[in-house]
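Visitor: Submitted below is the structure of interest, expressed as structure tokens.
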Amino acid sequence: MNVNSQPASSKRKPKTFNNPERFIEGWYWVIPSLNLEIGEVKPVNLLGRELAIYRGKDRRVVTVDAYCPHMGAHLAEGQVEGNELRCLFHHWKFNAQGICVDIPCLDESLPMKLKTWPTAEKYGMIWVWTGEYPQQPLPFIPELEHKDCDVIFGPRLVMNCHPNVVGINAIDAQHFNTVHKLLSEIIFEKDELNQNAIIFSNTTYSGEDSFLIKLIRPFYKNPVTYSICYWYGTIGIVTLSFDSLYIHVMFAMRLLEGGKTEAQTIAMTRKRQGIFGWLHNRVILWLTKIVGKDFIKADIRIFQTIQFDLKTPIKADMSIMQFINHLERQKPLMWKTWKLARSQDVEMKEKREKWRDELSND
Ligand code: FES
Ligand SMILES: [Fe+2]
Numbered sequence: 001m002n003v004n005s006q007p008a009s010s011k012r013k014p015k016t017f018n019n020p021e022r023f024i025e026g027w028y029w030v031i032p033s034l035n036l037e038i039g040e041v042k043p044v045n046l047l048g049r050e051l052a053i054y055r056g057k058d059r060r061v062v063t064v065d066a067y068c069p070h071m072g073a074h075l076a077e078g079q080v081e082g083n084e085l086r087c088l089f090h091h092w093k094f095n096a097q098g099i100c101v102d103i104p105c106l107d108e109s110l111p112m113k114l115k116t117w118p119t120a121e122k123y124g125m126i127w128v129w130t131g132e133y134p135q136q137p138l139p140f141i142p143e144l145e146h147k148d149c150d151v152i153f154g155p156r157l158v159m160n161c162h163p164n165v166v167g168i169n170a171i172d173a174q175h176f177n178t179v180h181k182l183l184s185e186i187i188f189e190k191d192e193l194n195q196n197a198i199i200f201s202n203t204t205y206s207g208e209d210s211f212l213i214k215l216i217r218p219f220y221k222n223p224v225t226y227s228i229c230y231w232y233g234t235i236g237i238v239t240l241s242f243d244s245l246y247i248h249v250m251f252a253m254r255l256l257e258g259g260k261t262e263a264q265t266i267a268m269t270r271k272r273q274g275i276f277g278w279l280h281n282r283v284i285l286w287l288t289k290i291v292g293k294d295f296i297k298a299d300i301r302i303f304q305t306i307q308f309d310l311k312t313p314i315k316a317d318m319s320i321m322q323f324i325n326h327l328e329r330q331k332p333l334m335w336k337t338w339k340l341a342r343s344q345d346v347e348m349k350e351k352r353e354k355w356r357d358e359l360s361n362d
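Numbering (full-length UniProt numbering), first residue to last: 1 to 362.
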């Protein structure tokens with residue numbers, strides 16, 4: 001059956017997908033681990049929110065809201081003391097939990113707390129959870145869930161469309177033929193890993209016609225398999241397997257102002273022991289980096305100019321619609337405030353109720 005021949009229906013307009021004001025509560029990358037040394041504090045803007053991020057003496061990274069709760073000085077101008085952070089302005093000091101522990105001009109500190117955000121490190125990156133308590137581990141794929149990884153960074157790119165739109169490229173069945181010139185028919189199967197993660201695996205693709213695959217064809221027997229695991233609709237981990245050789249590349253994206261995307265590609269593989277393990281990983285990571293670059297090279301022009309609007313979905317767009325449905329069921333937050341995004345209907349209802357309450361109180 002030609003999958004492109006069947007029309008498919010799109011019912012409701014998505015509220016979160018491709019919305020420049022919204023993102024899903026989750027783990028997002030901030031800066032590479034190597035860019036923050038012990039005793040260093042840096043300003044970062046993540047998803048519209050100003051933060052200060054520092055590494056204490058115990059090597060742990062702490063992320064706090066940028067502005068001091070005393071008078072609003074930017075805390076990235078301050079100083080790390082042990083595992084604590086002192087504001088530059090009046091020297092109030094906050095510990096790693098954000099609790100104010102010293103106010104130099106007072107005998108005792110005040111009971112106040114600076115907002116801190118859950119922070120972790122993996123894949124050579126510092127990650128921040130954008131809610132109170134992490135509901136998920138850091139993004140993973142089942143093959144590497146409890147494994148330490150070696151990584152190298154590929155290019156960092158800014159693209160002129162939303163991370164969700166960049167992300168769906170990896171499951172856009174038609175474009176593999178039209179843009180990437182692969183001749184095989186592509187059909188994906190979906191598998192929801194949990195509320196925030198979904199895997200699409202290709203059931204048909206052998207990819208024999210791609211240049212890279214022709215290059216390494218003599219070294220494996222079985223057909224190539226391809227899958228992508230999405231987290232929060234924003235991070236995609238692609239896996240290509242050639243017999244027992246696995247190639248993983250993460251497209252770690254985040255939303256920039258105005259609905260643009262900042263993407264960092266990260267080639268990753270499980271850690272291997274010894275000098276041969278190290279050499280093996282260097283070769284794999286180098287190969288993965290080339291595959292990652294190749295993966296997005298042909299799409300870049302599309303990302304810079306697209307005004308995404310899936311007005312006419314056909315059956316070949318089914319995976320994209322499944323992705324959108326999965327995304328719409330996750331917890332949406334607002335750009336900059338990181339507060340829960342609610343639908344206009346709920347907000348209108350709340351306003352009406354408040355207005356009624358105010359009237360009845362008069
Ligand atoms: S503004 Fe930070 S101590 Fe005063
Ligand atoms: Fe593509």
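Yeah, the Cβ is synthetic: ideal placement off N, Cα and C, and Gly gets one too.
1) Please report how far the alpha carbon of LEU46 lies from the alpha carbon of LEU144, in whole angstroms.
2) In whole angstroms, what separates the C-alpha of ILE198 from that of ILE53?
3) Using beta-carbon positions only, say whether PHE295 and VAL224 come within less than 8 Å of one another.
4) Please state whether DSSP places HIS146 in a helix, a strand or coil.
5) Got a sec, what are the start and stop residues for the beta strand (DSSP E) GLU84 sits in?
6) Starting from the N-terminal end, write out each residue whose C-beta falls within a distance shorter than 5 Å of any non-hydrogen atom of ligand 2.
7) I'd like to know whether the C-beta atoms of PRO20 and MET125 end up nearer to each other than 8 Å.
8) When you compare each of PHE94, PHE89 and TYR28 to GLY56 by their alpha carbons, which one comes out closest?
9) With DSSP collapsed to three states, give me the class of GLU185.
10) From the DSSP output, which residues share a beta bridge with residue 369?
11) Shorter than 8 Å from the beta carbon of PHE89 to some beta carbon of chain D?
12) Quick check for students: name the residue ranges of the beta strand (DSSP E) that lie wholly in the segment 80-164, counting only runs of 3 or more.
13) So, helix, strand or coil for HIS326, using DSSP?
14) With a 10 Å radius around its C-beta and 16 neighbouring C-beta atoms as the bar for buried, classify GLY78 as buried or exposed.
15) Less than 8 Å separating the beta-carbons of ASN169 and ASP299?
16) Around ligand 1, what residues have a beta-carbon under 5 Å from a heavy atom of it, in chain order?
17) Quick check: what's the CA-CA separation for GLY154 versus CYS100?
18) Any idea which residues DSSP pairs LEU256 with across the strands?
19) Would you identify the three-state DSSP class for ASN18, choosing helix, strand or coil?
20) Please check the pair GLY167 and MET253, which I expect to be a contact at CB under 8 Å, by giving their CB distance rounded to whole angstroms.
21) Where VAL165 and ALA96 are concerned, what is the direct C-alpha to C-alpha distance, given to the nearest angstrom?
22) Once you ignore the five residues that flank MET1 on each side, which residues in its own chain have a CB closer than 6 Å to its CB?
23) In the DSSP assignment, what are the bridge partners of ASP65?
24) Just verifying my parser: in three-state terms, what is the DSSP assignment at ASN169?
25) Select from LEU36, HIS70 and VAL158 the residue whose C-alpha is nearest the C-alpha of SER60.
Guide: Let's see:
1) By one-based count along the sequence shown, residue 46 stands at place 46. By one-based count along the sequence shown, residue 144 stands at place 144. When rounded, the distance between both Cα atoms is 27 Å.
2) For the purposes of this step, residue 198 is taken as residue 198 along the sequence shown, with counting starting at 1. For the purposes of this step, residue 53 is taken as residue 53 along the sequence shown, with counting starting at 1. Distance between the alpha carbons of ILE198 and ILE53: 30 Å.
3) Numbered from 1 along the sequence shown, position 295 holds the residue referred to as residue 295. Numbered from 1 along the sequence shown, position 224 holds the residue referred to as residue 224. No, they are not a contact pair.
4) As a working note, residue 146 is residue 146 in the sequence shown. Three-state DSSP puts HIS146 in coil, outside helix and strand.
5) Taking the sequence shown and counting its residues from 1, the one referred to as residue 84 is at position 84. Run containing GLU84: 84-86, per the beta strand (DSSP E) assignment.
6) One residue after another in chain order, those with a Cβ under 5 Å from a heavy atom of ligand 2 are ASN169 and ASP299.
7) Sequence index remark: in the sequence shown, residue 20 carries index 20 (1-based). Sequence index remark: in the sequence shown, residue 125 carries index 125 (1-based). Cβ atoms of PRO20 and MET125: not closer than 8 Å.
8) Sequence index remark: in the sequence shown, residue 56 carries index 56 (1-based). The shortest C-alpha separation from GLY56 is found at PHE94.
9) Position 185 of the sequence shown, counted from the first residue, corresponds to residue 185. In this structure, GLU185 counts as coil in the three-state DSSP scheme.
10) Because the chain is modelled from 1 through 362, residue 369 falls outside the range shown and cannot be assessed.
11) Among the protein chains of the structure shown there is no chain D, as only one such chain exists.
12) 84-86, 100-102, 119-122, 125-129 and 149-159
13) Locating residue 326 in the sequence shown gives position 326, where the first residue counts as 1. Of the three classes helix, strand and coil, the one that applies to HIS326 here is helix, per DSSP.
14) In the sequence shown, the residue the question calls residue 78 occupies position 78. By the 10 Å Cβ count, GLY78 comes out buried.
15) Walking along the sequence shown from the start, residue 169 turns up at place 169. Walking along the sequence shown from the start, residue 299 turns up at place 299. A contact, by the Cβ cut-off of 8 Å.
16) Listed by chain position, these are CYS68, HIS70, MET71, ALA73, CYS87, PHE89, HIS90 and TRP92.
17) Counted from its first residue, the sequence shown places residue 154 at position 154. Counted from its first residue, the sequence shown places residue 100 at position 100. Rounded to the nearest angstrom, the two C-alpha atoms are 40 Å apart.
18) By one-based count along the sequence shown, residue 256 stands at place 256. Note: LEU256 sits in a beta bridge opposite LYS260.
19) Counted from its first residue, the sequence shown places residue 18 at position 18. Coil.
20) As a working mapping, residue 167 is identified with position 167 in the sequence shown. As a working mapping, residue 253 is identified with position 253 in the sequence shown. About 7 Å separates the two Cβ atoms, so the contact holds.
21) As a working note, residue 165 is residue 165 in the sequence shown. As a working note, residue 96 is residue 96 in the sequence shown. Their backbone Cα atoms lie some 37 Å apart in a straight line.
22) By 1-based counting over the sequence shown, the position of residue 1 is 1. Any reading at MET1 needs caution, since the residue's pLDDT is 39, under 50, leaving its predicted position unreliable; the model's value is listed next. Taken in chain order, the list of residues that qualify is empty.
23) The sequence position of residue 65 within the sequence shown is 65, counting from 1. The partner list for ASP65 (beta bridge, DSSP) reads LEU51.
24) Here the question's residue 169 lines up with position 169 in the sequence shown. If DSSP states are grouped into helix, strand and coil, ASN169 belongs with the helices.
25) Within the sequence shown, the letter at position 60 stands for residue 60. Looking at the sequence itself, residue 60 is Arg, so the reference to Ser does not match. The candidate whose alpha carbon is nearest that of ARG60 is LEU36.
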